[in-house]
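Asker: My numbering numbers the first residue of the sequence shown as 12 and each following residue consecutively. Cβ atoms here follow ideal geometry from the backbone N, Cα and C, with glycine treated the same way.
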Amino acid sequence: MDKTELIKRLEELGIGLERFTVQITNYVHTWTEAYELIVSVIAPNLGGVTLYHIGSTAIPGSIAKPIIDIGIAYNDTLTFKQNILALESLGFTCKGEQGVEGRCFFTYYNDNERFDYIHVHAYKQGDSKLRKHIQFRDAHIQNQELLIEYNSLKQGLVASGVSRQDYPAAKAAYIQRILSSTS
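#1: Should the stretch 13–31 be called in touch with the stretch 103–113, which here means at least 3 C-beta pairs below 8 Å?
#2: If you draw a straight line from the C-alpha of Y134 to the C-alpha of V60, how long is it?
#3: Which runs of the alpha helix (DSSP H) fall wholly inside the stretch 125–175 and span at least 4 residues, in chain order?
#4: Give a yes or no on contact between the stretch 16–32 and the stretch 71–83, applying the rule of three or more CB pairs nearer than 8 Å.
#5: Look at F117 and K106 and say whether their C-beta atoms are less than 8 Å apart.
#6: Taking three-plus beta-carbon pairs below 8 Å as touching, is the stretch 85–100 in contact with the stretch 176–185?
#7: I'd like the ranges of any alpha helix (DSSP H) spanning at least 4 consecutive residues and lying wholly in the stretch 23–87.
#8: Select from E22, V33, L21 the residue whose C-alpha is nearest the C-alpha of S171.
#9: Nearest-angstrom Cα distance between S192 and V173?
#10: Could you check what DSSP says for F117 in three-state terms: helix, strand or coil?
#11: Below 8 Å CB to CB, which residues in the same chain sit around V2 once its five sequence neighbours on both sides are set aside?
#12: Among the residues of its own chain, which have a CB less than 6 Å from the CB of G72, if the five just before and after it don't count?
#13: Given this structure, state the Cα-to-Cα distance separating L141 from N121, to the nearest angstrom.
#14: List the residues that DSSP assigns as beta-bridge partners of G107.
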């Protein structure tokens, strides 16, 4: 599947957000299908990795930016360097650590880079930051009260006009509180 076809299919599944904007939408079951579609495209090109659906699109009932977040755990750095080239050949843009030590971050834009569809967060196997993504996801899947609280926080941030750049930092205290209470 080429990039144009993948983007068309992702848009049909409700995925895609104009860059530099913050928009959240109610959970739709097609987000899981979008994740599985992405995995079917990228997994055959990668070696020595485990893939995870992370972020709010992985949490049924969550309000989320319509961008699929994928966690990648890789076993060895040398092999992962080959995977970086493979992801880039599929149309991903490698952004480096992007302020998170030990992470290799990728985005998947449309051709004019106006819309964003996929974020990949790659970490060495066993990195605590990837475990925290999974822990946070699982806490919200298992606890509806937490999910309601998190959805409310995100709705409030969007209503306040928070920028896309400030959106992650505005959620940081909540995320840290949840991770501290569930570890």
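Answerer: Walking through what the data contain:
#1: no
#2: Mapped onto the sequence shown, residue 134 falls at position 123. Mapped onto the sequence shown, residue 60 falls at position 49. Rounded to the nearest angstrom, the two C-alpha atoms are 10 Å apart.
#3: 139–153, 155–170
#4: yes
#5: As a working note, residue 117 is residue 106 in the sequence shown. As a working note, residue 106 is residue 95 in the sequence shown. It is a contact, given that the beta carbons lie within the stated cut-off.
#6: no
#7: 41–53
#8: To locate residue 171, count along the sequence shown from 1; it is residue 160. Cα-wise, what sits closest to S171 is V33.
#9: Residue mapping note: residue 192 aligns to position 181 of the sequence shown, counting from 1. Residue mapping note: residue 173 aligns to position 162 of the sequence shown, counting from 1. One C-alpha to the other measures close to 26 Å.
#10: One-based indexing of the sequence shown puts residue 117 at position 106. DSSP places F117 in strand when its eight states are reduced to three.
#11: Past the edges of the chain, shown from 12 to 194, lies residue 2, and the structure says nothing about it.
#12: Counting from 1 along the sequence shown, the entry for residue 72 is found at position 61. Y38, L158, listed in sequence order.
#13: The residue labelled residue 141 in the question sits at position 130 within the sequence shown. The residue labelled residue 121 in the question sits at position 110 within the sequence shown. Distance between the alpha carbons of L141 and N121 is about 26 Å.
#14: Start at 1 with the first residue of the sequence shown, and residue 107 comes out as number 96. For G107, which the question treats as bridged, DSSP gives the partners F116.
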